[in-house]
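K.L.:
Sharing a structure here in structure tokens format.
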Amino acid sequence: MSNQPGGDPAAQLGVVEIEPGDEAARQAAASREAADTVMKAFGGVRGMVDMTLPGLVFIVTYNITHQVPAAAWAALGLSGLFVVARLARRETVQHAFSGVFGVAIGAWISMKTGKAENFYLPGLLWNVGYCIGLAVSALVRWPMIGLMLGPITGEMFTWRKENPGRLAAYTKATWAWVVIMGIKPVILFPLYFTHNVNLLGWLKVALGIPPMLLAMYVTWQILLKAPPPIKAQLDDEPAEAPPGDR
């Protein structure tokens, strides 16, 4: 505490003042940290590879063997290997299991019907349903990107009523996903009905990772400019004291 007359009253009271520049830097750092969770939420590049490579193996094997069962089993076997590898490394298997589930349905349908293009049908239908779900979530003000990132950032659902800036950012990011991910079914569904398996398969692989990376980048940019998250207060945690009372 200062004993000098005319000293800073805040300093005399033992109150630590936060400079505006420091507070802006802290908020910017918090926003960047929250934005960096985007890649983690969607499994990163590894998760995208787990979901994309089986489709590539299917179309390559089908071109070599011209046998739907052989191609389907090859794709399913690769998906299974991804799960085993993740389990061996004690990594999360969420995205690998999602890939196995989708590949298994596609493999079963293609083998049941004898039509190679049906291997890609479940994925196409999933893309359509996913885009519809994203759009509906944004319209009812429960944007899916916020639902996915909230638990990872620690804010849970505080963005709904306590942080309107982040609600707006999550809504904008969700609409961006609708537009970007909607490109795939718009391009691929007409090809499915032409029964051009080769073109469908190669384009499905080509449109696997790039749109996801673009959607993640756009989301990251949006969240960088959003207000920092407000951490959710858990029942068993003491309330955080204001900066001046620490």
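Numbering-wise (the numbering used here), the sequence shown opens with residue 1 and increments by one. Glycine included, C-beta positions come from ideal geometry on N, C-alpha and C.
Applying the 10 Å Cβ sphere with the 16-neighbour rule, what's the burial state of Asn118?
P.N.:
Residue mapping note: residue 118 aligns to position 118 of the sequence shown, counting from 1. With 16 or more Cβ atoms within 10 Å of its Cβ, Asn118 is classed as buried.
K.L.:
On the three-pair Cβ rule with 8 Å, is the segment 194-207 touching the segment 135-155?
P.N.:
no
K.L.:
Of the choices Gly133, Gly106 and Lys161, whose alpha-carbon is the least far from that of Gly182?
P.N.:
If you number the sequence shown from 1, residue 182 lands on position 182. Taking only the C-alpha atoms, the option nearest Gly182 is Gly133.
K.L.:
Could you please give the first and the last residue of the uninterrupted alpha helix (DSSP H) stretch that includes Tyr130?
P.N.:
Taking the sequence shown and counting its residues from 1, the one referred to as residue 130 is at position 130. From DSSP, the alpha helix (DSSP H) with Tyr130 extends over Leu121 to Leu139.
K.L.:
Please look up how many angstroms separate the CB atoms of Ala215 and Ile187, rounded, as I've assumed it's under 8 Å.
P.N.:
Translated into positions along the sequence shown, residue 215 becomes position 215. Translated into positions along the sequence shown, residue 187 becomes position 187. Actually they are not in contact, since the Cβ atoms of Ala215 and Ile187 sit about 16 Å apart, beyond 8 Å.
K.L.:
Could you pull out every residue in the same chain whose Cβ sits closer than 7 Å to the Cβ of Pro54, ignoring the five residues on either side in sequence?
P.N.:
Numbered from 1 along the sequence shown, position 54 holds the residue referred to as residue 54. Counting only residues of its own chain and dropping the five nearest sequence neighbours on each side, Pro54 has a CB closer than 7 Å to the CB of Ala75, Leu78, Ser79, Gly99 and Val103.
K.L.:
Report all residues from its chain with a CB closer than 8 Å to the CB of Leu207; omit the five preceding and five following residues, and keep chain order.
P.N.:
Position 207 of the sequence shown holds residue 207. So the list reads Ile183, Lys184, Ile187 and Leu188, once near-sequence residues are dropped.
K.L.:
What are the start and end residues of the alpha helix (DSSP H) that includes Asn198?
P.N.:
Translated into positions along the sequence shown, residue 198 becomes position 198. From DSSP, the alpha helix (DSSP H) with Asn198 extends over Val197 to Ala206.
K.L.:
Here's a check: name, in chain order, each residue in its chain whose Cβ is nearer than 7 Å to the Cβ of Lys231, leaving out the five neighbours to either side.
P.N.:
Here residue 231 corresponds to residue number 231 of the sequence shown, with the count starting at 1. Excluding positions up to five away in sequence, the list reads Gly154 and Glu155.
K.L.:
How many Å lie between Asn163 and Gln233 at the Cα?
P.N.:
Counting from 1 along the sequence shown, the entry for residue 163 is found at position 163. Counting from 1 along the sequence shown, the entry for residue 233 is found at position 233. Those two C-alpha atoms are separated by around 14 Å.
K.L.:
By DSSP, does Pro228 sit in helix, in strand, or in coil?
P.N.:
If you number the sequence shown from 1, residue 228 lands on position 228. In the three-state reduction of the DSSP assignment, Pro228 falls in the coil class, being assigned neither a helical nor a strand state.
K.L.:
Taking the beta carbon of Val84 as the centre, do at least 16 other beta carbons fall within 10 Å, making it buried, or is it exposed?
P.N.:
The count along the sequence shown starts at 1 and reaches residue 84 at position 84. By the 10 Å Cβ count, Val84 comes out exposed.
K.L.:
Would you mind sorting Ile59 into buried or exposed? The rule is 16 or more other CB atoms within 10 Å of its CB.
P.N.:
Within the sequence shown, residue 59 is the residue found at index 59, counting from 1. Per the 10 Å Cβ criterion, buried.
K.L.:
Rounded to whole angstroms, what's the CA-CA distance from Gly150 to Pro122? Just pull it up for me.
P.N.:
Start at 1 with the first residue of the sequence shown, and residue 150 comes out as number 150. Start at 1 with the first residue of the sequence shown, and residue 122 comes out as number 122. Approximately 29 Å, taken between the alpha carbons.
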